[in-house]
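Remarks on the structure that follows.
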Amino acid sequence: MSDPPTTPDHSSADDSRRSVYAVMLLQSLFASGTHLVAKVVVGAVDAFTLTLIRSLIAALAMVLLLFVRGDRLSIRREDYWLVLGLAFLAVPVNQFLFLFGMRYTTPSNAALLYATTPILVVLFSRWFLGEQLTRRKIAGVILGFIGVAVVILERGVDASMQYLFGNVILYVAVLAWGLYTVLGKRLIAIYGAVHASSITLIGGTLMFIPLGLLSAVRFPYGSLSAANWLEILYLGLITSVVSYLLWYFALARIEAGKVALFANLQPILTTIMAVVLLGQDITVPFLLGGTIAIAGVIVAQFG
């Protein structure tokens with residue numbers, strides 16, 4: 000007698016998907032404070048010094064995490080170029096250019112530029128990973144971007160020549176983050192989220208040391224307040240370590256395009272933080288745009 004046909008465990012798959020969504024919401028919350036914190040701290044520390052300190056903190060934290068886990072960094076010979084490329088995208092390009100560009104533009108401009116990440120990731124995923132470009136996914140990306148644009152434009156985006164330089168620099172950082180997200184998915188499949196995050200952050204830090212060392216040695220650290228150091232720790236530990244690990248955790252489980260679409264929530268969450276911390280008012284355009292952006296995330300997840 001043949002065995003009865005088995006049915007897939009949909010409840011287990013649904014639970015796994017819900018856990019990924021919870022992780023991405025948490026990652027978005029952590030990442031949302033980055034624009035506010037970065038804009039404050041770049042006024043106190045130059046981008047070369049700040050990137051080096053931030054990346055050193057992140058690299059040391061990763062080394063400690065690997066030690067606690069009993070892991071050993073090892074890279075297959077055939078993956079050397081991929082690791083080097085991702086390390087270069089992570090620190091010398093994305094992190095440095097983000098901090099460098101923030102000095103010359105506004106948090107609103109930065110948030111709108113980073114809101115294009117899902118569009119880039121969907122396209123890059125199609126080109127590099129062969130992920131399916133469905134109508135629902137495209138609709139979700141468009142909805143998400145419209146929602147973010149409603150929120151940001153209501154607060155005001157300055158496209159004047161004064162901010163053009165900073166916006167261009169920031170968009171190169173956005174392109175780097177999109178590529179890092181897509182190409183990093185291959186590395187996660189081989190090494191796992193913790194190992195992949197560790198080797199790219201540690202490698203990127205080693206690459207940046209020659210660039211940032213001269214500025215870091217000359218910097219007057221006595222000028223930094225306790226609040227400045229807390230802000231630097233936020234960038235080094237929460238944004239560079241925790242957020243990276245959560246991002247790679249999700250990438251290992253769902254499509255890159257679906258993960259990236261959660262970036263559309265960051266400007267919404269950043270505005271909420273500004274309301275709570277800075278007393279900023281909640282407006283009708285904010286509620287409308289936030290609802291549209293969240294709808295875009297939901298639509299894309301079923302694409």
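Take 0 as the starting number for the sequence shown in numbering that gives the first Met the number 0 and just add one per residue. Here a beta-carbon is modelled for each residue, glycine too, at the ideal position from N, C-alpha and C.
Candidates Y170, I201, T104: closest to T116 by CA position: Closest option to T116, Cα to Cα, is Y170.
Whole-angstrom distance between I253 and F123, CA atom to CA atom: For F123 and I253, the distance between alpha carbons rounds to 15 Å.
CB of K38 within 9 Å of CB of A109, strictly: yes
Classification of P3 by the beta-carbon crowding that lies within 10 angstroms, buried from 16 upward: Any reading at P3 is ruled out, since the residue's pLDDT is 49, under 50, leaving its predicted position unreliable.
Continuous alpha helix (DSSP H) stretch holding F99: start and end: 95–101
N-terminal and C-terminal residue of the alpha helix (DSSP H) that V216 is part of: Counting along the chain, the alpha helix (DSSP H) containing V216 begins and ends at 192–217.
Helix, strand or coil at L182 [DSSP, three-state]: helix
Residues near G211 in its chain [Cβ-Cβ closer than 7 Å; skip 5 each side]: F47, T48, T50, L51
Counted within 10 angstroms of its Cβ, other Cβ atoms place E230 as buried (16 or more) or exposed: buried
From V216, V44, R16, residue whose alpha carbon lies closest to that of S224: V44
With 16 other Cβ atoms within 10 Å as the buried cut-off, status of G221: exposed
7 Å Cβ shell around T238 - same chain, five flanking residues per side excluded: F29, A30, T33
Check whether A86 and T199 have beta carbons under 9 Å apart: yes
Length of the line joining the Cα atoms of G177 and A57: Straight-line spacing of the CA atoms in G177 and A57 works out to 20 Å.
Stretch pair the segment 241–248 + the segment 190–204: three plus CB contacts closer than 8 Å: At 8 Å Cβ cutoff, the stretches touch.
Between the CA atoms of V41 and N227 - distance to the nearest angstrom: 10 Å
Buried versus exposed, by CB contacts within 10 Å (16 or more), P91: buried
Reduced DSSP secondary structure (H/G/I, E/B, other) of L250: Reduced to three states, the DSSP call for L250 is helix.
Buried or exposed (CB count within 10 angstroms, at least 16 for buried), L213: Exposed is the call here.
Which of helix, strand or coil DSSP assigns to V120: helix
Distance between A172 and Q94 (C-alpha atoms, nearest Å): 7 Å
Euclidean distance between Cα positions of M23 and S196: 16 Å
Unbroken stretches of the alpha helix (DSSP H), 4 residues or longer, contained in the segment 29–71: For the segment 29–71, whole alpha helix (DSSP H) runs of length 4 or above, ordered along the chain, are 46–68.
Buried versus exposed call for T5 [16 or more other C-beta atoms within 10 Å across all chains shown]: Legend: pLDDT at T5 = 49, less than 50; position of this residue unreliable, value from coordinates given subsequently. T5 is exposed by the Cβ-count criterion.
Nearest-angstrom Cα separation, counted from V240 out to M272: 21 Å
Buried or exposed (CB count within 10 angstroms, at least 16 for buried), G53: According to the sequence displayed, residue 53 carries Arg and not Gly. Buried is the call here.
First through last residue of the alpha helix (DSSP H) which encompasses A226: 225–232
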